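Before any comments, here is the structure.
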Amino acid sequence: MNQHAKTPSKPVNDDIGEAVRLDLYRRQMVIRQAETRAYDLFLQNLVKGTSHLSLGQEAIAAGFAVAMKAGDTSFCTYRGHAHTLARGVPVEQVLGELMQRDNGLMRGKGGSMHLTSVEHGVMGSYAIIGAHLPIACGSAWRSQYQGTDEVSVVFFGDGTTNIGAFHESLNFAAVWKLPVVFVCENNLYMEYTPIKDVTAVEHPAADRASAYGLERIVIDGNDADAVYREAQKAYAKARAGDGPSMIECMTYRHSGHSRADPAKYRPEGELEEWLKKDPIKIYQERCRQFGISDAMMAKIDAEVLQVVDDATEACKASPSPPLELITTDVYADGGWAWRN
Amino acid sequence: MNQHAKTPSKPVNDDIGEAVRLDLYRRQMVIRQAETRAYDLFLQNLVKGTSHLSLGQEAIAAGFAVAMKAGDTSFCTYRGHAHTLARGVPVEQVLGELMQRDNGLMRGKGGSMHLTSVEHGVMGSYAIIGAHLPIACGSAWRSQYQGTDEVSVVFFGDGTTNIGAFHESLNFAAVWKLPVVFVCENNLYMEYTPIKDVTAVEHPAADRASAYGLERIVIDGNDADAVYREAQKAYAKARAGDGPSMIECMTYRHSGHSRADPAKYRPEGELEEWLKKDPIKIYQERCRQFGISDAMMAKIDAEVLQVVDDATEACKASPSPPLELITTDVYADGGWAWRN
Amino acid sequence: MAELTYRDAVSRAIAQEMARDNNVVFLGEDIGKAGGVFKATVGLYERFGPLRVRDTPISEQAILGAAMGAAMTGLKPIAEIMFSDFLAVCFDHIANEMAKNRYMSNGQLKCPLVVRTANGAGSRFGAQHSQSVENWAMMIPGLKVVAPSSPADVIGLFAAAVRDPDPVIFFEHKSLYGMKGEVPDGEILDTLGTAKILRPGKDATIIALALMVGRAMEAAERLKAEHGIDCEVIDVRSLVPLDTRCILGSVAKTHRLFTVEENPRLCGWGAEIASIVADESFYDLDGPIVRITTPHLPLPAADNLEDVVLPTVDRIVDTVKRSMA
Amino acid sequence: MAELTYRDAVSRAIAQEMARDNNVVFLGEDIGKAGGVFKATVGLYERFGPLRVRDTPISEQAILGAAMGAAMTGLKPIAEIMFSDFLAVCFDHIANEMAKNRYMSNGQLKCPLVVRTANGAGSRFGAQHSQSVENWAMMIPGLKVVAPSSPADVIGLFAAAVRDPDPVIFFEHKSLYGMKGEVPDGEILDTLGTAKILRPGKDATIIALALMVGRAMEAAERLKAEHGIDCEVIDVRSLVPLDTRCILGSVAKTHRLFTVEENPRLCGWGAEIASIVADESFYDLDGPIVRITTPHLPLPAADNLEDVVLPTVDRIVDTVKRSMA
Ligand SMILES: Cc1ncc(C[n+]2csc(CCOP(=O)(O)OP(=O)(O)O)c2C)c(N)n1
Ligand SMILES: Cc1ncc(C[n+]2csc(CCOP(=O)(O)OP(=O)(O)O)c2C)c(N)n1
Ligand SMILES: [Mg+2]
Ligand SMILES: [Mg+2]
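Chains as they are written, first to last, in the numbering used here: chain A, 4 to 343; chain B, 4 to 343; chain C, 63 to 387; chain D, 63 to 387.
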């Protein structure tokens, strides 16, 4: 075990347990492999429109998702492939949407920035910065009103903390004591501009928590265990009726902002530093520490690869969506009639 | 002097001086009398449209205005009569606008919520909550860009701290180190709802200053000296290139939110408590402390009354604006042509 | 039958729907304890309690976002935006979010909510509190848009809006809050997407909305009495869905079309209707389609200016008369 | 003369105006060091420095508010709103502030600024990043509204917008950024409020804007070649001020009008033009005014759906042919 001495923490009692740990590992691996595949497909010109990968940020999506239960709702951004996959939405449907095929999650109508699977509690991905924060509050309001213990979880980036809707939502959630958890994935950049160049405080989310009477929370977003623990705490608080939390997770995206971005604006060496803190690597070491064998992980990796491969084939085989879809589902009657 | 023992502070050295003190007194009195007159005119059905009085809040307008110099810009809300008067805009023009007469500041075109006098540095009054905070930042940006030492001062209420534009502006100003001073007049209420019912922190502005790396400042907004001193500090900081400040001034409006509001939602006794802290009363005691005689004050009062009386007569004598005004000044060419 | 003000019709409508369905909740600024700044929601807080009638901070994006999130997950929220001009501060939620989430999700998401808001001029409030902005909503695919002109319509159309499974923007007219009208007893439920012919006529069709309906009616009476021109007056009531059948049918009969719009001219609802008629009923037309609108400018505050800037009865009469000459 | 892309024309236009006038400053998200997400502002930061080309936080209200405040006090700011869909998050500053401050202040305040924004579909981005929202600006009194269709027009109209004393919303089309065109050397300055007849014709007038201009031109060629219908094609270029003289003159000659609009149908710019023509040129018309628009729905993302949802050359040809039959 000596070679793992650098591992951040090594609790004697395993509060997480092997089942959950394997789950965390698997979900991170699903994201890693599915998104890596998305990137390959993009290079093959098979991903249409844009796409925003979370490579390097998998631990956050996995940690928060594993701690959720059925009925909890997720609200994601355009960078929502990871969160969608983490809630168990099939890889095929996600890749299908990125490829704008008929087997896509929304049959190509929404596109990669709007992944939605109500069945899995993924209540949409939102492409306009900040818009989904108040919407998540609404979902939490509904839980509160109906007396359920369901939690709404909303993911957003560091750059999102400077838009008005962020502020309105945090205050609103705090005043109404809503069961909503605000998760800021601080990957140091908005699109291409470093967040520190445009933000008055060092930690754009956590350093503002006190403005809403909330606790200041910053965690290592590349450590799935740390994320999972913090998620559990925040969910428990919300379910108990004690109101919202905001958690700032420090992380880094390995690739560019979107498929169009080669990320040349990063200072030399920065990516390399963060690659050393790759959440998958960290978690593989963690697993070993807790007695999960490399063979077991390799088996999971292979299973996931199979799923991703199968999904890829299914997507390639899927046709484009039929033209009739254009005029469906504007309104609840299934159609688009704005006149008689 | 014994009867004035309750006076908050009694500095041995008078840092303010008689000239400034008389100025502070006079400007408060102009606001008090002009707004009281506005209320009377409203009861006589001579004020058309709405109006939002600052009776009880005069010390803030006076203190910040007296500390300004020519070239500094003010950005006000619909509750901007006080700030407009405090910068020296003639009472007649203000009352004329409230009465929607041709002698009004904007000849009746804008109405009471949009008082503007560019000549006096009053760069508009804004009736949509929060909108003017970023606009004030822009004015400050211009000062900074042109290397002048002019300061932009923006006034807003406690309720305004919960809207998105507040947050965007504060962050923006802090990051760009803009010479802008944010003045929150906390009069405990938005329109009819107590601010404490809808805000996550006790001091809606000051308790959020740290979210923008700013100092937490709460002052007695009913003490014109305290306001004046804080204004001087903030302006000096801004002129020195050290960026924005936010100052929360505790105060209370004596009348309803707008002319339509009898303010029945207030708990019994609250108004009475605050009437004891009436800024005019406080300042009269202060003046006496520093050797300004009652006779001197009475003389000012009478002079102001004369101005207000003359203004009232002039307004009553003024016609309504001519219909030709309707189609002027939509565009810079003076007209409104959207087509050839 | 009882006589009710438009203002009281609003609170009766909200109460009717809240009493009927526990999932109907109501939020906005000063709507609860204070009964609303237009006093159109008096008594609701007392009757339905603080969990269903909730005062909010001045956070319009939070108000509409919260309404959306609740609607998407099972409630039927009513959100008040105090003045319709303020739709601009939450326009992303109007235009990009609630209008599109069903479509983008390929039908997975729903958004059954009502945004009610005080629209229109007449209070001498000036350019930022007096606008008629029905077209801000009409131009956004995915919304439904309603603007009643009478107390009875307020209740019936509001009930229809609350029960509708899609997002509805409900424009109440500030200058109508004091208007009185007969209202049937008991539950009232109307149908979205239906215009009403308020006055049959054979010489020309005049289409109006909200505050302009009364003026169009008065103008029609005068046109008949003074000039022998017999106008059919249609209250559009619902801009989306739009009752084109009613409109085209009327034009087929009268062969002339006038719109009376409170909005500033460019891209007003009347432009859309004019373009539909100029296409589909071109051969029915005997003369130009004429739009009578507020000129394309921000609104002045002063009473005498505001009074003439909106379409007046005089202007309607003159315009129709001259155009029919 | 040089061949330039529409994208490079944008940066050349900004550079031309910044070099000319020190009071021209530029702000927006990722526009500076990174050269803009559409690479339309590359090189400006290097050339004009961090005081004149400023990267902002994701705070659209702050961006437009700051531009306004600076414009009101002496600068001539250019503000970028990255995608035109995002005008919704700062719509108060567009609709209620910059458009109205001159009027409300009775001419005391000025607001000489340009808001430039990437508009339109074609990138498979879906419903929140592909809209054509020129009518969001056109409907607001007090704004000027421009949408160029070629690199040369980008420079000339942009220069006119910057030098104009009023707020101008400048719509660049995302799908035209890669378009190449001949551009004269030296300073280019065009005139707001002027449409351009790109193809004279005698049988029908087709009015188009931005991306639709090329399609209208192609359709006109095909209509002539395949069906002998000789269409006059007008590039509106400027929605406010609107060159009605050019439009009405053309209709007086051709007696037929078609619009080709990328916006969803209701209350699009074409509706306004149709209503003007149906009023003022009614007796010139030989047949219906027909609008060819994107159907009134949010935009789908998938390439094959997006390709047919906007007006295509085929659809234009078919519609005109059928309507002229
Ligand atoms: C209102 C709005 N402004 C700008 C954009 C363009 N935009 C898309 S992603 C992005 C950066 C967001 O940064 P952050 O919140 O840190 O999230 P990240 O992409 O890093 O996950 C920007 C500016 C947008 N989508 N919406
Ligand atoms: C965006 C917006 N929302 C709501 C309103 C209606 N409104 C006008 S004043 C006001 C209360 C403002 O409270 P505060 O900021 O405390 O200022 P005060 O009136 O107390 O001076 C409200 C809600 C508005 N004008 N703009
Ligand atoms: Mg980021
Ligand atoms: Mg207040």
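Backbone N, C-alpha and C define an ideal beta-carbon position, used for all residues, glycine too.
These numbers come from a predicted model, not from an experiment.
Cutoff 8 angstroms: L328(C) Cβ touching any chain B Cβ: yes
heavy atom of ligand 3 below 7 angstroms from D161(A) C-beta: yes
Chain C contact for K9(A) (CB, 8 angstroms cutoff): Per-residue confidence for K9(A) stands at a pLDDT of 47, beneath the threshold of 50, marking its modelled position as unreliable; no derived number is given.
Three CB pairs or more closer than 8 angstroms across the segment 167-182 of chain A and the segment 162-178 of chain B: Three or more pairs of CB atoms, one per stretch, sit closer than 8 angstroms, so the segment 167-182 of chain A contacts the segment 162-178 of chain B.
Alpha-carbon spacing of A96(C) relative to A214(A), whole angstroms: 27 angstroms
Nearest-angstrom Cα separation, counted from Q149(A) out to S121(C): Near 24 angstroms, if we compare the C-alpha coordinates of Q149(A) and S121(C).
Buried/exposed call for D226(B), threshold 16 Cβ in 10 Å: Burial call: buried.
Extent of the continuous alpha helix (DSSP H) to which F220(C) belongs: P213 to R225
Stretch-stretch touch, CB-based, cutoff 8 angstroms, three pairs: the segment 89-109 of chain A with the segment 133-150 of chain C: no
Heavy atom of ligand 1 within 7 angstroms of N190(A) beta-carbon: yes
Cα-Cα separation between R29(B) and S146(A), rounded to whole angstroms: 56 angstroms
Distance cut-off 7 angstroms: I259(C) Cβ against heavy atoms of ligand 3: no
Cβ pair V322(D), A257(D) closer than 8 angstroms: no
Ligand 2 heavy atom lying under 7 angstroms from the CB of I156(C): Proximity of the beta carbon of I156(C) to ligand 2 is not indicated: no heavy atom of the ligand is located closer than 7 angstroms.
Same chain only: Cβ atoms within 6 angstroms of A161(D), ignoring 5 sequence neighbours per side: I202, G204 and L205
Span separating the alpha-carbon of T67(D) from that of V245(D): 9 angstroms
Sequence-distant residues of its chain with Cβ nearer than 7 angstroms to S38(D) (five each side left out): The structure shown does not extend to residue 38(D), since chain D is modelled only from 63 through 387, so no value can be given for it.
D117(C), enclosing beta strand (DSSP E) - first and last residue: Start and end: V115 to D117.
Segments assigned alpha helix (DSSP H), at least 4 residues, entirely inside the segment 151-183 of chain B: 167-178
C293(C): first and last residue of the uninterrupted beta strand (DSSP E) it sits in: C293 to D297
Residue-level contact to chain A via CB, F344(D), 8 angstroms cutoff: By this cut-off, F344(D) is not an interface position.
Chain C within 8 angstroms of V151(D), Cβ atoms only: yes
N- and C-terminal bounds of the alpha helix (DSSP H) containing C290(A): Start and end: P282 to Q292.
Contact belief for A209(D) with A272(D) at Cβ below 8 angstroms, rounded distance in angstroms: 5 angstroms
Closer than 8 angstroms to chain C by CB, I309(D): No, no contact with chain C.
Given M126(A) as reference, the closest of G131(C), R261(C) and G330(C) once Cα atoms are compared: Among G131(C), R261(C) and G330(C), the Cα nearest to that of M126(A) is on G131(C).
Classification of P325(A) by the beta-carbon crowding that lies within 10 angstroms, buried from 16 upward: exposed
T374(D), DSSP secondary structure in three states: coil
CA-to-CA distance, I351(C) to D332(B), given in whole angstroms: 29 angstroms
F67(A) CB to nearest heavy atom of ligand 5 below 7 angstroms: Of the ligands this structure carries, namely ligand 1, ligand 2, ligand 3 and ligand 4, none is ligand 5.
A130(A) beta carbon near ligand 1 (any heavy atom closer than 7 angstroms): yes
Separation of R24(A) from N16(A), as counted between CA atoms: 14 angstroms
F110(D) - containing alpha helix (DSSP H), residue span: L106 to F110
Closer than 7 angstroms: T80(A) CB and nearest ligand 1 heavy atom: yes
Check: H260(A) C-beta below 7 angstroms from any heavy atom of ligand 1: yes
Three-state class that DSSP yields for N158(C) in the structure shown: Reduced to three states, the DSSP call for N158(C) is helix.
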